[in-house]
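J.:
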Amino acid sequence: MLIGLCGGICAGKASIASYLIEEHQFTRLHLDRTAAIPAVEKSASNVPVPSRQRDSTDAQFTFSDVDSLLEYVTLRWQERWVTTDILDEHVVDVLLRRPFFLLVSVDAPVTVRWQRFQNRCIENKLTPPSLESFVLRNDAHLFAPGTGLGALLHRAQLKLLNSAPSVPSLYSALRSLDLTDEARLRPSWDQYFMQLADLAAHRSNCMKRRVGCVVVREKRVISTGYNGTPRGMTNCNEGGCPRCNSASRAGTGLSTCLCLHAEENALLEAGRDRIGDTSILYCNTCPCLTCSVKITQVGISEVVYNQGYLVDDKTAAILAANGVRLRQFTPPTEGLVDLSMSSAPVEPVSACESGEEPDRLEDIREILNSQDFV
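Residues in the sequence shown are numbered consecutively from 7, following our numbering.
Pasting the structure below:
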């Protein structure tokens with residue numbers, strides 16, 4: 007695994023690299039800098055402000071260009087490497103050729119980074135720039151046409167917002183994030199099929215909720231489905247379902263809803279003969295009571311869902327009574343992650359696929375943890 011960290015001055019790249027080195031046995035790689043030092047890395051008197059002093063072992067892991075770095079790591083791809091020398095798009099383009107490379111961007115509020123840079127200047131007995139000067143230099147560094155570093159931040163698979171007040175709090179947040187999860191490089195089967203379910207959900211035309219579903223047998227997709235009005239009817243988001251378009255309260259007027267659920271569409275598309283008794287149904291939300299009855303009828307062996315809602319306990323009971331395993335899968339966190347946020351789990355929202363609330367609600371985890379649950 008090779009992790010590349012990109013971001014503005016004092017965003018926290020070096021601290022995250024140190025975390026990977028200290029706690030996960032990564033080795034840091036360096037690229038010789040050929041471009042001029044940007045003004046944002048200089049003091050008020052335009053003297054470059056040094057960051058970490060390289061030790062004697064760094065020379066072994068310093069490369070003149072990104073191609074030689076990539077060649078070195080390719081021969082040792084099963085080891086763990088990290089670099090903060092992601093300075094332009096050419097470097098990113100070269101490194102992204104390999105399936106073991108993960109690009110991570112690191113950012114922080116400009117005032118936070120200015121304060122960190124002030125401290126660095128003082129440590130080196132240099133006069134720090136004013137906030138106004140730092141902001142102007144930072145803008146030029148990130149957003150200059152053609153050379154700005156900002157474009158790299160948007161290409162990152164994982165984007166970290168590092169406003170942590172101290173290194174220990176940053177390390178704690180990184181532990182919760184599990185940055186070294188190999189599934190970030192190559193998705194597991196669960197992650198892969200759940201991503202397909204999420205993709206199917208983007209085709210949904212239901213005005214209540216986007217839901218996607220995939221039916222899989224022996225790791226091969228049999229069918230997909232998303233919720234919305236039946237074939238040949240006006241789409242729900244175009245007024246095809248009066249109930250979904252009338253802002254009906256949860257649990258009311260269900261008999262007048264014309265939308266098919268994602269699970270229903272996927273099961274209808276596959277047909278019972280194609281499903282067999284070893285098929286798995288992936289859905290980005292836990293199935294409702296009505297869908298669970300149909301799932302058991304066609305012979306699905308397992309239901310995997312992502313969003314951990316509170317559901318009617320009868321749903322889990324129906325699946326359990328028919329030997330259908332129900333479990334939740336949550337993929338690794340992607341996109342923008344605020345490292346200052348608490349890692350405490352968010353309470354699940356009570357809702358089912360079309361926005362209805364069942365009469366009786368119970369935490370699904372109580373059912374899944376039961377010794378009687380299959």
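By construction, the Cβ of each residue, glycine as well, lies at the ideal position given by its N, Cα and C atoms.
Nothing here was measured: the structure is a model prediction, and the numbers come from that model.
1. Roughly how many angstroms separate the alpha carbons of A203 and G234, rounded to a whole number?
2. What separation, rounded to the nearest whole angstrom, lies between the Cα atoms of G10 and P105?
3. Buried or exposed for I43, going by 16 or more other Cβ atoms inside 10 Å?
4. Could you pull out every residue in the same chain whose Cβ sits closer than 6 Å to the Cβ of R278, ignoring the five residues on either side in sequence?
5. What number of angstroms, rounded off, separates the C-alpha of R226 from the C-alpha of H30?
6. Determine, using beta carbons only, whether E269 and C292 come nearer to each other than 8 Å.
7. Secondary structure at T80, three-state DSSP: helix, strand or coil?
8. Alpha carbon to alpha carbon, how far is L37 from S346?
9. R209 to Q201, Cα distance in whole Å?
10. Go ahead and pull the three-state DSSP assignment for C242.
11. Could you spell out where the alpha helix (DSSP H) holding C297 opens and where it closes?
12. According to DSSP, what are the bridge partners of G218?
13. Within the same chain, show all residues whose beta-carbon is closer than 8 Å to that of H96, passing over the 5 residues directly before and after it, in chain order.
14. If the criterion is Cβ atoms closer than 8 Å, does the pair C294 and H267 meet it?
15. Rounded to whole angstroms, what's the CA-CA distance from Q121 to A114? Just pull it up for me.
16. To which residues does DSSP link V227 through a beta bridge?
17. Work out the CA separation of D187 and T339 for me, nearest whole Å.
18. Between which two residues does the alpha helix (DSSP H) harbouring V46 extend?
19. Over what stretch of residues does the beta strand (DSSP E) that includes D113 continue unbroken?
20. Would you mind stating whether M239 and L264 have Cβ atoms separated by less than 8 Å?
21. In chain order, which continuous runs of the alpha helix (DSSP H) of length 4 or greater are located wholly inside the region 136 to 219?
22. Going by Cα to Cα distance, which pick from A327, T321, V299, L180 is closest to L166?
T.: In this structure, then:
1. 15 Å
2. 13 Å
3. exposed
4. V304
5. 35 Å
6. no
7. helix
8. 30 Å
9. 13 Å
10. helix
11. 295 to 304
12. Y232
13. V72
14. yes
15. 11 Å
16. V222
17. 10 Å
18. Element bounds for V46: n/a, residue is neither H nor E.
19. 107 to 113
20. yes
21. 137 to 149, 156 to 161, 173 to 183, 195 to 207
22. L180
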